[in-house]
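Numbering (this note's numbering), first residue to last: -1 to 347.
Contents: one structure, followed by commentary.
Structure follows, in C-alpha cells:
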C-alpha cells in the first residue's frame, strides 16, 4: 500500500537541528517568533522531546521578565506556544496571557464588514479594512484553539466566521488559489497575486480546523473550510515544481521556489490525509530536506512581504536570511510527516 517514503531518523535529526538553530535567533515577541515557537511546540507534541519545550519555556520566561509589547493581531501568534506551555506545565501565568490576547481580539482589535479581523502589525491603522491570509494563522486558529479548550461557543463561532469571510474575500473560485490580500474599501485584491506563503497560511490553518474542533461536521461554516481546502489543494498540487516545492508566486515560472510556503502547503496535505496527495508530500519531503543547512537553518525563505504593487515586487523579496516563519513551518511539516499514520482522512468532507 502506498505511503510516505522518508527516513524517520533523518527527519528527527533535522528537527533537532532546526530547533537548536531557531533558539539561537534573537526574535522578539511578535509573529515571526510565534510561528517559530509554534513549530517547536508541534515537534514537541509529536516527538515527546522535553528539551524542545524547555528551550521555549526558558525564552518565554525571559520575555515575561523583560516585559511584553501591546497586542496586535499578529502578536497573537505567540499565543500558540503559550497554550502548549500551559497544557504542559499548568502554570497560570501563561494562560493569563492567552486570555489577555483573546480579550484584545474580542474587544479592541480593528474589524470591518461582518466582524472580520483587520490585518494589523502595529498599534497604527496600517492597512485599513484589509484582510490578509496571515490572519488565519495568527488569530483565527488561535481563537479556535482557545475556544475549544474553554468550550466557549462564541469563540469557536468567531474563529469559524474569520475563516468563512477570509475564504470569501481571498479565494479565487476559478482557480481555487488564494490571493495575498483583499481591500474592503476598494473591493479588490490589490496586486491580485497568488502569493505562495498566503496560500500556505490558508491551507495549513484550514487543515487544522477539523483536527482541533470536535464534531466539526456539525458546524455549517466548517463545511466551507473543508470545501475551500479541498479545492485549494487540488489546485496547488498541479503547481508543485520538479524539486517538490512551490514558488513565491505560485503560477509564475519566473519567480523563485520558496521554502516556507512549500512547507506550509505540504504540511496541510499531510494533515488532510488524502491518499491522492501522498506523491506530492513525498516530493516535498525531498525538496524541504534539501533546503536545511548543516546547522539547521531553513534556506530560501522569503523575507517579510507586504501586498506588493506588482510581480516584480514579489520576485525581488530577498531569501538570503534565516526567518522565524521558515523555521516554524518546516518544523510543522516535519511534525505532520512523523505523525502521518495517526492522521485521519475527512472522508466525504
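All C-beta atoms in this analysis are idealised placements derived from N, C-alpha and C, irrespective of residue type, glycine included.
Beta-carbon spacing of residue i, residue j below 8 Å
i: residue 54; j: residue 84; result: no
i: residue 289; j: residue 335; result: no
i: residue 200; j: residue 134; result: yes
i: residue 250; j: residue 309; result: yes
i: residue 174; j: residue 230; result: yes
i: residue 188; j: residue 181; result: yes
i: residue 207; j: residue 142; result: yes
i: residue 194; j: residue 244; result: yes
i: residue 263; j: residue 297; result: no
i: residue 205; j: residue 147; result: no
i: residue 287; j: residue 12; result: yes
i: residue 337; j: residue 44; result: yes
i: residue 140; j: residue 77; result: yes
i: residue 329; j: residue 40; result: yes
Rounded C-alpha distance that separates residue i from residue j
i: residue 323; j: residue 119; result: 15 Å
i: residue 106; j: residue 70; result: 9 Å
i: residue 63; j: residue 225; result: 44 Å
i: residue 190; j: residue 177; result: 6 Å
i: residue 75; j: residue 273; result: 31 Å
i: residue 280; j: residue 3; result: 6 Å
i: residue 254; j: residue 240; result: 13 Å
i: residue 137; j: residue 104; result: 11 Å
i: residue 294; j: residue 17; result: 7 Å
i: residue 121; j: residue 282; result: 38 Å
i: residue 228; j: residue 26; result: 35 Å
i: residue 218; j: residue 211; result: 13 Å
i: residue 90; j: residue 100; result: 15 Å
i: residue -1; j: residue 291; result: The predicted position of residue -1 is uncertain, since its pLDDT is 46 and thus under 50; a value taken from the coordinates is nonetheless stated next. Computed Cα separation, rounded: 33 Å.
i: residue 260; j: residue 183; result: 31 Å
i: residue 302; j: residue 166; result: 24 Å
i: residue 46; j: residue 172; result: 42 Å
Nearest to residue i (by Cα), restricted to the options the options
i: residue 33; options: 274, 203, 188 and 193; result: 203
i: residue 160; options: 237, 44, 113 and 306; result: 113
i: residue 59; options: 347, 95 and 248; result: 95
i: residue 153; options: 169, 97 and 180; result: 97
i: residue 48; options: 19, 162, 14 and 30; result: 14
i: residue 79; options: 326, 341 and 338; result: 326
i: residue 110; options: 235, 164, 81 and 149; result: 164
i: residue 319; options: 30, 124 and 5; result: 30
i: residue 38; options: 10, 65 and 61; result: 10
i: residue 127; options: 179, 312 and 82; result: 179
i: residue 92; options: 232, 221, 57 and 186; result: 57
DSSP three-state assignment for residue i, whether helix, strand or coil
i: residue 336; result: helix
i: residue 50; result: helix
i: residue 254; result: coil
i: residue 144; result: helix
i: residue 27; result: coil
i: residue -1; result: Confidence at residue -1 is low in this model, with a pLDDT of 46, below 50, so the placement of that residue should be treated as unreliable; the coordinate-derived value is given next. In this structure, residue -1 counts as coil in the three-state DSSP scheme.
i: residue 423; result: Nothing about residue 423 can be reported from this structure: the residues present for the chain run from -1 to 347 only.
i: residue 191; result: coil
i: residue 179; result: strand
i: residue 124; result: coil
i: residue 221; result: helix
i: residue 347; result: coil
i: residue 115; result: strand
**OP:** May I have a chain-ordered list of the alpha helix (DSSP H) segments no shorter than 4 residues that lie completely inside the segment 285 to 315?
**Re:** 309 to 313
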